[in-house]
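In terms of the working numbering, the sequence shown opens at residue 3 and continues consecutively.
The beta-carbon is built from N, C-alpha and C at its ideal position, and this holds for glycine as well.
None of the values given here were measured: they were computed from a predicted structure.
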Amino acid sequence: NYAVPKPDRDLFHLYYQVVESDYFQSLGFTVKYYDQATGKFDKRAIKKAINRIVENNRAYYPNLNPATGSLKFDSLPDFARSFLLMIRNLEMVKTD
3 NYAVPKPDRD LFHLYYQVVE SDYFQSLGFT VKYYDQATGK FDKRAIKKAI
53 NRIVENNRAY YPNLNPATGS LKFDSLPDFA RSFLLMIRNL EMVKTD
């Protein structure tokens, strides 16, 4: 099976919700992870969403442990890079 693992799909969806927050707002999503006008992140909501993804996938991916402490919230490019590196470093071994 060559499909992208579900935790990766969920995390990439969250990534786009952060970096394209205005677009997701226009679609009716209520959580605004990033405010482009002020350049401010909702760090707590982002980390909570990551933890929710981990918990929802814990049964099949017990070693899923994203390093949320390595996320950088200084700017959107810094966040994007740190988030993608966090995803890259995940142990994505599925148990049946």
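Here DSSP, grouped into helix, strand and coil, assigns residue 37 to strand. Under a 10 Å Cβ-count criterion, residue 16 is classified as buried, with 16 or more other Cβ atoms of the shown protein chains found around its own Cβ.
Counted as a single uninterrupted DSSP element, the alpha helix (DSSP H) harbouring residue 88 occupies residues 78 to 90.
Under the 10 Å beta carbon count, residue 64 is surrounded by fewer than 16 other beta carbons and is classified as exposed. By the 16-neighbour rule on beta-carbons within 10 angstroms, residue 77 is exposed. Looking at the DSSP output, residue 42 bridges to 37. Using a Cβ-Cβ distance cut-off of 8 Å, the segment 88 to 97 and the segment 65 to 72 are in contact, since at least three pairs of beta carbons, one from each stretch, lie closer than that value. CA-CA distance, residue 11 to residue 48, rounds to 16 Å. Annotation for residue 97: 62, 64 place their beta carbon closer than 7 Å to its own, counting only its chain and skipping 5 residues before and after. Counting the other CB atoms within 10 Å of its CB gives residue 19 a total of 16 or more, which places it among the buried residues.
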